[in-house]
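Numbering that gives the first Met the number 0 numbers the first residue of the sequence shown as 0 and each following residue consecutively.
Beta carbons: idealized from backbone N, C-alpha and C, even for Gly.
Step one of this worksheet: look at the structure below.
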Amino acid sequence: MKRIFAYEKNAYLTELKTEVVQAGSEKGKHFVVLRDTVFYPEGGGQPCDQGLINDVPVSSVRQENGKVHHYVERPLERGPALAVIDWSRRYDHMQQHTAQHLLTALAQDRFGWSTTAFHLGVEVSDIELDAALLSPADLDSLEEAIASEIRAARKVQTQRISPARLEKMNVRTRGLPAGHQGQVRLVDIEGIDLNTCGGTHVSSTAEIEAVKLLSTECMRGGTRLYFVAGKRVRRRLAEHEARNVELRSLLGAPERDFAAAARLRLEQIQELQHRERAFRDELAEAASEAMAHRPEDILDAHFRSGDPAFLQSLAHRLQEKVRTKAALLTAGSEGEGYFVVVAGDRVSCDVQALGRQVAILLKGKGGGTGRIFQGRVNTLAKRKDALALFQLELERD
Ligand SMILES: [Zn+2]
Numbered sequence: 000m001k002r003i004f005a006y007e008k009n010a011y012l013t014e015l016k017t018e019v020v021q022a023g024s025e026k027g028k029h030f031v032v033l034r035d036t037v038f039y040p041e042g043g044g045q046p047c048d049q050g051l052i053n054d055v056p057v058s059s060v061r062q063e064n065g066k067v068h069h070y071v072e073r074p075l076e077r078g079p080a081l082a083v084i085d086w087s088r089r090y091d092h093m094q095q096h097t098a099q100h101l102l103t104a105l106a107q108d109r110f111g112w113s114t115t116a117f118h119l120g121v122e123v124s125d126i127e128l129d130a131a132l133l134s135p136a137d138l139d140s141l142e143e144a145i146a147s148e149i150r151a152a153r154k155v156q157t158q159r160i161s162p163a164r165l166e167k168m169n170v171r172t173r174g175l176p177a178g179h180q181g182q183v184r185l186v187d188i189e190g191i192d193l194n195t196c197g198g199t200h201v202s203s204t205a206e207i208e209a210v211k212l213l214s215t216e217c218m219r220g221g222t223r224l225y226f227v228a229g230k231r232v233r234r235r236l237a238e239h240e241a242r243n244v245e246l247r248s249l250l251g252a253p254e255r256d257f258a259a260a261a262r263l264r265l266e267q268i269q270e271l272q273h274r275e276r277a278f279r280d281e282l283a284e285a286a287s288e289a290m291a292h293r294p295e296d297i298l299d300a301h302f303r304s305g306d307p308a309f310l311q312s313l314a315h316r317l318q319e320k321v322r323t324k325a326a327l328l329t330a331g332s333e334g335e336g337y338f339v340v341v342a343g344d345r346v347s348c349d350v351q352a353l354g355r356q357v358a359i360l361l362k363g364k365g366g367g368t369g370r371i372f373q374g375r376v377n378t379l380a381k382r383k384d385a386l387a388l389f390q391l392e393l394e395r396d
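Encoded structure:
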């Protein structure tokens, strides 16, 4: 005979004086079994409860071979226990879960869409429907039908019946779990739905407060429908409002113009990036031309507002223009600097080895191939010393 736990008899029970009858550990996690429990173990799409047993936090709860394992953060002794659930978490689950029953029942009865799965998420929940396409108009009318049943404050009750009686009744069920024995628990939303379910529910559809359908997603020939219910509707609206206030001030536009204002900014950024790239190449060309005409064998230049892309562009141009010279190019400032070591193909010099030495000297790192080595550095204070390394490297050969 299947045990009937306190959370099944009364979903509104928030604490229970009971007893730890078994204490153990499983894969390094401590757990206890209670004589009876108010903790709902995960199942049927509904996450488990959390809370305290004798002031020790319970992080998860699972059914294992007919027993309810409460995974606790610290070991607990056998003996008297006070089990207290996190009620706001549980009540939220009751609202989402009962909303799912209502959603499933109305989707089936009004539209002929069957629910094939339910997932109660941390932020939003979803059901999977065996319908390929849900039009916005259908979704609107489904949402309206749900609102109407919430306003009707229909009673939600549970009862237990024998499997034999179940077969004769018109019950919405996705089948009993494999190996099910004994009586079957039914959840009844007065006049709307009769369903096999072991979860926890609010006692009237009025307690669902509201259901907002959010979006749909195609999946394997069906559709996943996302929704929020209960306090989550208000919380989500509050988050949207806070974000809108921030966006109004950032974009300097009223809400209805957010998308247009953001699109305009993105277009402006793209235009600026395009111009910056063109200007960077023009500058690199002019700088390489000027450097190529300098008499010394070791060239160097620093660009305070330069970036790695500019240094690369300049290095490639120098490599082509002055095949008999090497150069140290740097950009940026203290704390955020960049460098490139480059040498023409007629310079006898191990560019990669020289680059690694420069990186160490300037407290940075980098890499490269062939005649170019680039890196990021923390300081440019020893730039002169880096140039001396060039001298040594060129004299060595
Ligand atoms: Zn249920």
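Where residue i falls: helix, strand or coil (DSSP)
{"i": "Ile149", "result": "helix"}
{"i": "Lys364", "result": "strand"}
{"i": "Thr103", "result": "helix"}
{"i": "Gln430", "result": "The structure shown has nothing for residue 430, since the chain only spans 0 to 396."}
{"i": "Asp187", "result": "strand"}
{"i": "Lys320", "result": "helix"}
{"i": "Ser287", "result": "helix"}
{"i": "Val357", "result": "helix"}
{"i": "Ser347", "result": "coil"}
{"i": "Tyr337", "result": "strand"}
{"i": "Leu263", "result": "helix"}
{"i": "Asp35", "result": "coil"}
Residue i classed as buried or exposed, judged by whether at least 16 other C-beta atoms fall within 10 angstroms
{"i": "Gln267", "result": "exposed"}
{"i": "Gly120", "result": "exposed"}
{"i": "Ile371", "result": "buried"}
{"i": "Glu127", "result": "buried"}
{"i": "Gly65", "result": "exposed"}
{"i": "Asp48", "result": "buried"}
{"i": "Leu132", "result": "exposed"}
{"i": "Ala289", "result": "exposed"}
{"i": "Ala283", "result": "buried"}
{"i": "Met218", "result": "exposed"}
{"i": "Asp91", "result": "buried"}
{"i": "Gln21", "result": "exposed"}
{"i": "Glu63", "result": "exposed"}
{"i": "Gly366", "result": "exposed"}
Residues bridged to residue i (per DSSP)
{"i": "Glu18", "result": "Pro79"}
{"i": "Asn243", "result": "Asn243 is not bridged to any residue."}
{"i": "Ser304", "result": "Partner(s): none; Ser304 has no beta bridge."}
{"i": "Tyr70", "result": "Phe30 and Ser59"}
{"i": "Phe117", "result": "Ile126"}
{"i": "Leu211", "result": "Note that residue 211 corresponds to Lys in the displayed sequence, not to Leu. Lys211 pairs with Val227."}
{"i": "Ala160", "result": "Position check: residue 160 holds Ile in this sequence, whereas Ala was assumed. Paired residue(s): Val183."}
{"i": "Asn194", "result": "Arg171 and Val186"}
{"i": "Cys217", "result": "Thr222"}
{"i": "Val155", "result": "Ile188"}
Reference residue i, options the options, closest by Cα
{"i": "Leu51", "options": "Gly78, Val83, Pro162 and Val32", "result": "Val83"}
{"i": "Thr157", "options": "Arg231, Pro40, Ala325 and Thr97", "result": "Thr97"}
{"i": "Leu379", "options": "Thr329, Ile3, Glu394 and Cys47", "result": "Thr329"}
{"i": "Leu193", "options": "Gly181, Gln180, Met218 and Lys167", "result": "Lys167"}
{"i": "Ala228", "options": "Ser214, Ala151, Ala209 and Arg276", "result": "Ala209"}
{"i": "Leu138", "options": "Arg345, Thr215 and Ile297", "result": "Thr215"}
{"i": "Val186", "options": "Asn9, Gly365 and Arg322", "result": "Asn9"}
{"i": "Asp35", "options": "Gln45, Tyr6 and Ala22", "result": "Tyr6"}
{"i": "Ile191", "options": "Gly331, Arg171 and Lys230", "result": "Arg171"}
{"i": "Ala116", "options": "Arg234, Asp129, Glu122 and Ala300", "result": "Asp129"}
| query | Which residues have a Cβ closer than 6 Å to any heavy atom of ligand 1, listed in chain order? | reply | His96, His100, Val186, Cys196, Gly198 and His200
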